[in-house]
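What follows is one structure encoded as structure tokens, with my remarks underneath.
Number of protein chains: 2
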Amino acid sequence: MNAPIPSGAVREPLRGGGPGAGQHTVRRHNLALVLREVAGPEPVSRAAVAARTGLTRGTVSSLVEELIAAGLVTELAAARGTTGRPASPLRLDPTGPAGLGVEIGVDAVGACVVDLTGAVRAQRVVHSHHRDDVPATGLATAEALAAEVVAEAGLAIAGAAVALPGVVGADGVLVRAPNLPRWVDVAVGDELGNRLGLAVQAGNEADLAALAELWSGGPPNAVHVSGGIGVGAGIVLGGRLFRGAGGRAGEIGHVVVAPDGPPCSCGGRGCLETAAGLEALLRASGTPDLESLVTASPPDVLAAAGRALGVALAGAVNLLDVPAVVLGGIYPRCGAVLLDAVRAELAARVVSRPAVDVRFSALGPDAALRGAATAVVHELLADPAIHTAAARA
Amino acid sequence: MNAPIPSGAVREPLRGGGPGAGQHTVRRHNLALVLREVAGPEPVSRAAVAARTGLTRGTVSSLVEELIAAGLVTELAAARGTTGRPASPLRLDPTGPAGLGVEIGVDAVGACVVDLTGAVRAQRVVHSHHRDDVPATGLATAEALAAEVVAEAGLAIAGAAVALPGVVGADGVLVRAPNLPRWVDVAVGDELGNRLGLAVQAGNEADLAALAELWSGGPPNAVHVSGGIGVGAGIVLGGRLFRGAGGRAGEIGHVVVAPDGPPCSCGGRGCLETAAGLEALLRASGTPDLESLVTASPPDVLAAAGRALGVALAGAVNLLDVPAVVLGGIYPRCGAVLLDAVRAELAARVVSRPAVDVRFSALGPDAALRGAATAVVHELLADPAIHTAAARA
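Taken in sequence, the protein lines are chains A and B.
Each residue of the first sequence is one higher than the one before, starting from 1 at the first, in the numbering used here.
Each residue of the second sequence is one higher than the one before, starting from 394 at the first, in the numbering used here.
In structure tokens:
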């Protein structure tokens, strides 16, 4: 009694014998299953993988050989002190194929390489006021930085992803970017891909920052706000990125906090970005840059920004019913005055739940960059067959 | 290239031989599959069901007999003019077990019966200013109305659901209801269930209104706003109710439209409800009730309410990236001035997509009541085995 009302979903029939049941697909699935066990925090033996997956020892050995040959898995020295045949623990190969992340921000361009274990192996970020330049300038900077980090890391690159400060279409085109207007309609993924000779996916920077937070142990249900010149959010629900109906969810920077407030770059008025974006904070505090703002730390400016963030986030929590809010980007540098103001607004305004966990991101301002590179690695780990097939060819 | 960034989900292994693969479960699944085909807009023959489901004719016949015996499916007279053995088309049995819906609103109590085909067979709504009464008063009214509609419909009742104007916990307890404070912590589902001798599920009225809209052909991705004394939203994504992380998503009435605005029943200030709830409209227009408001139709009051709705909805669309907004409850009676103001705000403020479809609900103010009754029917259609087993026992 009193179970929740059903969701009204249209059910799909389970039909046997369709595509996807073949031998090739089963091996592909099991390859991912084995790699997932190896990707855990501790090295594991083949026997442990077999026990955890329910696959036979023979199948596990065959799949592990394929993963080792592709450079995804490596064998540690055999454990000492065991009786009988020594077990050689397996782990992800930190010298295996890596992910390249690129970020094209409003005031910075960066690149980094993350290895299979999730470790950052090389990173460069340059502050670059390229907002009024043609995209080719920023693309050339990104290309040069990518070449540097790839050379420094010395690893094979499995693929790349680029984080962008705006609405990204499914085809990798930057559809809307109020703070980078000259980049709108540019197929940034393709452009970078051609320069780098790699497949480059494109994603929203707030989404990628939220994934980086999730992958580094952040809460599985949260609104993750990335503060900078633009303000965006990545929404994580049930340990997955929530994309909304059209894939462009999370534009919290344009949630209204004062309907008749200052004009916003988007064409609206009184958006959160006009109250809590970096340029608004600099203007309100009369400081020239983030470092000066952090040094001056004007409590009234930071409290006002926190209240605006709290108003917008209370709306988001009331709409999405999430238990946690993570403040990233520039906000961790703004300190307790901002954090306390956000908490006070949420405490006063959230009706959907009794309390909300509000915290600063543990990652630095490069969360989106790290998220982009790590997304490549996660995709590889989720379906290693593409890579092992290429390694065999 | 440029596929969307992966969502970061943890994958689940496909393990064979676990629970859920037994003969009983297969029959239960196939029973639902057959009923789903019969539930389509046109009557279908057993042969057509077999062809569409991939089940054998013999299996389909056996399952259909079980559904007929349980009163869920009925056979029409054999089609004329066919050669060979005549086909007897099947359809849902409109005299079969029905759903009972109850709504306890802030200013009304209602009950209705919806048959298996989704048709309303009996309905009563009484306007009742029971806000300050003990819950027993409203429960007694609901009990009496339910008895009346059940008697009028003359159908067996499969179950019941009650729509409530607040945050409903998974256990059917009304957790938060700023407009019905005396009902907070009341297990409304259980209380009604004991009075009616039926299992009664409890749900949020805006969620149930959104489902009613969806089930009557509304858009599969939409924010559905229910306006009344309270203002709530049901969010539909991919043809399913979106519940958020904690099951209480959609509290749009407490999204802020003016941070320093009037105090709200929730304890906050400047919530949408203080600008576009019924009591706010009556106060602003100096009219005593909805009928007088609709007759007077003061354009400044309705335009201001529409602007407030537009501000809150622009935020919701920017966060959720939905293509459609449906305005229900009292709003369809407020006319074009309100609708145009909502559209203008969305056009000016939405950044996540180029255009949003804004429309009035085609259902009346009783959408939540109808949704509650129809939810029971949908649950029965989704898993008829529970009912057929009871019919056999």
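Glycine residues also receive a C-beta, built at the ideal position from the N, C-alpha and C atoms.
Give me the chain A residues within the contact set of residue i, using Cβ-Cβ distance strictly less than 8 angstroms, ordered along the chain.
i, result
"Pro716 of chain B", "Ala245 and Gly246"
"Arg450 of chain B", "Correct list: empty, because the minimum Cβ distance to chain A is about 17 angstroms."
"Val704 of chain B", "Val256 and Pro259"
"Val560 of chain B", "Val351 and Ser352"
Starting from residue i, trace the alpha helix (DSSP H) both ways and give me its first and last residue.
i, result
"Glu65 of chain A", "Arg57 to Ala69"
"Leu465 of chain B", "Where Leu465 of chain B is concerned, there is no enclosing alpha helix (DSSP H), given that its DSSP letter is neither H nor E."
"Ala324 of chain A", "Per DSSP, Ala324 of chain A belongs to no alpha helix (DSSP H); it is in the beta strand (DSSP E), Ala324 to Gly329."
"Leu293 of chain A", "Leu290 to Ala296"
"Asp693 of chain B", "Pro692 to Leu713"
"Val377 of chain A", "Ala367 to Ala382"
"Leu665 of chain B", "Leu665 to Ala669"
"Gly335 of chain A", "Gly335 to Arg349"
"Thr287 of chain A", "Segment: none, Thr287 of chain A is in no alpha helix (DSSP H) and carries neither H nor E."
"Arg392 of chain A", "Ala385 to Arg392"
For the beta strand (DSSP E) containing residue i, list its first residue and its last residue.
i, result
"Asp750 of chain B", "Asp750 to Phe753"
Given that residue i touches chain A, what residues does it touch there, using C-beta distances under 7 angstroms?
i, result
"Ile779 of chain B", "Going along chain A, no residue has its Cβ under 7 angstroms from Ile779 of chain B, so there is no contact; the nearest lies around 12 angstroms."
"His647 of chain B", "Asn318, Arg349 and Val351"
"Ala707 of chain B", "Val256"
"Arg569 of chain B", "Val351"
Residue i and residue j look like a contact to me (Cβ under 8 angstroms); what is the Cβ gap, rounded to whole Å?
i, j, result
"Leu155 of chain A", "Leu164 of chain A", "About 24 angstroms; that fails the 8 angstroms criterion."
"Arg240 of chain A", "Val167 of chain A", "Wrong, their Cβ atoms sit about 20 angstroms apart, outside the cutoff."
"Gly666 of chain B", "His647 of chain B", "The residue asked about is misnamed: residue 666 of chain B is Glu in this sequence, not Gly. Yes, Glu666 of chain B and His647 of chain B are in contact; Cβ-Cβ is about 7 angstroms, under 8 angstroms."
"Gly699 of chain B", "Asp653 of chain B", "With a Cβ gap of about 21 angstroms, Gly699 of chain B and Asp653 of chain B do not count as contacting."
"Gly552 of chain B", "Leu591 of chain B", "6 angstroms"
"Gly623 of chain B", "Ala348 of chain A", "Contact doesn't hold; Cβ gap of about 18 angstroms is too wide."
"Leu391 of chain B", "Pro681 of chain B", "Any answer about residue 391 of chain B is impossible in this case: the structure gives chain B only from 394 up to 786."
"Ala677 of chain B", "Val650 of chain B", "Contact flag wrong, Cβ pair sits at about 14 angstroms."
"Gly620 of chain B", "Ile723 of chain B", "5 angstroms"
"Gly426 of chain B", "Thr446 of chain B", "Before going on, a small fix: residue 426 of chain B reads as Leu here, not Gly. With 8 angstroms as the limit, Leu426 of chain B and Thr446 of chain B qualify as a contact, their Cβ atoms being about 5 angstroms apart."
"Ala602 of chain B", "His617 of chain B", "6 angstroms"
"Ser128 of chain A", "Asp107 of chain A", "7 angstroms"
"Ile497 of chain B", "Val581 of chain B", "7 angstroms"
"Ala344 of chain A", "Ala161 of chain A", "At roughly 37 angstroms, the Cβ-Cβ gap does not stay under 8 angstroms, so Ala344 of chain A and Ala161 of chain A are not in contact."
Looking at the strands, I want to know which residues DSSP matches up with residue i.
i, result
"Cys112 of chain A", "A:Gly101 and A:Gln123"
"Arg91 of chain A", "A:Thr74"
"Val437 of chain B", "B:Leu483"
Residues of chain A with a CB under 9 angstroms from the CB of residue i: which are they?
i, result
"Leu720 of chain B", "Those do not exist, as Leu720 of chain B stays about 16 angstroms from chain A at its closest Cβ, beyond 9 angstroms."
"Asn572 of chain B", "Simply none; closest approach about 11 angstroms."
Kindly list, in the order they appear in chain B, the residues whose Cβ is closer than 9 angstroms to that of residue i.
i, result
"Leu369 of chain A", "Chain B residues near Leu369 of chain A: none, gap ~13 angstroms exceeds 9 angstroms."
"Pro299 of chain A", "Residues of chain B passing the Cβ test: none, with the nearest at roughly 19 angstroms."
Counting only Cβ pairs nearer than 7 angstroms, list the residues of chain B close to residue i.
i, result
"Cys266 of chain A", "Val744"
"Val60 of chain A", "Within chain B, no residue comes near Val60 of chain A; the closest Cβ sits about 13 angstroms away, beyond 7 angstroms."
List, in chain order, every chain B residue whose beta-carbon is nearer than 8 angstroms to that of residue i.
i, result
"Val73 of chain A", "Going along chain B, no residue has its Cβ under 8 angstroms from Val73 of chain A, so there is no contact; the nearest lies around 17 angstroms."
"Ala249 of chain A", "Leu712, Leu713, Asp714 and Ser745"
"Leu237 of chain A", "Gly637 and Ala638"
Beta strand (DSSP E) runs contained entirely in the segment 577 to 663 of chain B, provided each spans 3 or more residues: 593 to 597, 615 to 620, 624 to 630 and 633 to 635
If we require 4 or more residues per run, which alpha helix (DSSP H) segments fall completely within the segment 513 to 569 of chain B? 528 to 546
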